[in-house]
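Engineer: Numbering (my numbering), first residue to last: 11 to 158.
Using N, Cα and C, we set each Cβ at its ideal position, and we do this for glycine too.
Only a predicted model underlies this, so the values are computations on that prediction, with no experimental measurement involved.
#1: May I have the straight-line CA-CA distance separating residue 135 from residue 122, to the nearest angstrom?
#2: Throw me the rounded Cβ distance for the residue 98 and residue 157 pair, which I believe falls under 8 Å.
#3: Check each candidate in 155, 52 and 85 and name the one with the smallest Cα separation from residue 36.
#4: Just to confirm, is the Cβ distance from residue 110 to residue 66 under 9 Å?
#5: Specify, as a first and last residue, the run of the alpha helix (DSSP H) that residue 35 falls within.
#6: In three-state DSSP terms, what is residue 19?
#7: Checking 9 Å against the spacing of the C-beta atoms, do residue 103 and residue 145 come in under that value?
#8: Since residue 112 contacts residue 73 with CB under 8 Å, what's their CB separation in whole angstroms?
#9: Taking buried to mean at least 16 other C-beta atoms within 10 Å of its own C-beta, is residue 83 buried or exposed?
#10: Whole angstroms is fine: what's the gap from residue 30's alpha carbon to residue 88's?
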């Protein structure tokens, strides 16, 4: 199928919209967590122990900047994916790299395992897997003409 200018139009499958919509929701949760933690929202932080609260509020500024950049890059990339823009792939690459940097610091140089336990490590693995999958997915969609 082509448009009035002769350009080939790609039919966007329903599953693309489902994946892109879920990506926006998933990565919005990361933004929400970041904002609630950084603004020290009382209602959000009530489930934290005193030790966890001290841990999450003691990060150096450079780490907080990386955390913010990672979650906002992932969210913006998800919106770009929903808008079918190729640049989403680059955004997911950046977000994945920033997440890896933050994870190496958190699990290698802080008491993250003590604070979060194996569940925290497993959840971090899920976050990494989702970012890597969205990076791959956005590249795959770009190669097939789904993204412009």
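Structural biologist: On the basis of the supplied data:
#1: Working through the chain shown from its first residue, we reach residue 135 at position 125. Working through the chain shown from its first residue, we reach residue 122 at position 112. So the alpha carbons of these two residues sit roughly 14 Å apart.
#2: Working through the chain shown from its first residue, we reach residue 98 at position 88. Working through the chain shown from its first residue, we reach residue 157 at position 147. The pair is a contact, with the Cβ atoms about 7 Å apart (cut-off 8 Å).
#3: Taking the first residue of the chain shown as position 1, residue 36 is located at position 26. Among 155, 52 and 85, the Cα nearest to that of residue 36 is on 85.
#4: By 1-based counting over the chain shown, the position of residue 110 is 100. By 1-based counting over the chain shown, the position of residue 66 is 56. The answer is no: Cβ separation not under 9 Å.
#5: As a position in the chain shown, residue 35 is number 25, starting the count at 1. Here the alpha helix (DSSP H) through residue 35 covers 24-48.
#6: The residue you call residue 19 lines up with position 9 of the chain shown. The answer is coil: DSSP assigns residue 19 none of H, G, I, E or B.
#7: Numbered from 1 along the chain shown, position 93 holds the residue referred to as residue 103. Numbered from 1 along the chain shown, position 135 holds the residue referred to as residue 145. Yes, these two residues count as a Cβ contact at 9 Å.
#8: Your numbering for residue 112 matches position 102 in the chain shown. Your numbering for residue 73 matches position 63 in the chain shown. Confirmed, Cβ separation roughly 7 Å.
#9: As a first step, residue 83 must be located in the chain shown, where it is residue number 73. Buried, by the Cβ-count rule.
#10: What you label residue 30 is simply residue 20 of the chain shown in a count that begins at 1. What you label residue 88 is simply residue 78 of the chain shown in a count that begins at 1. Approximately 6 Å between the Cα atoms of the pair.
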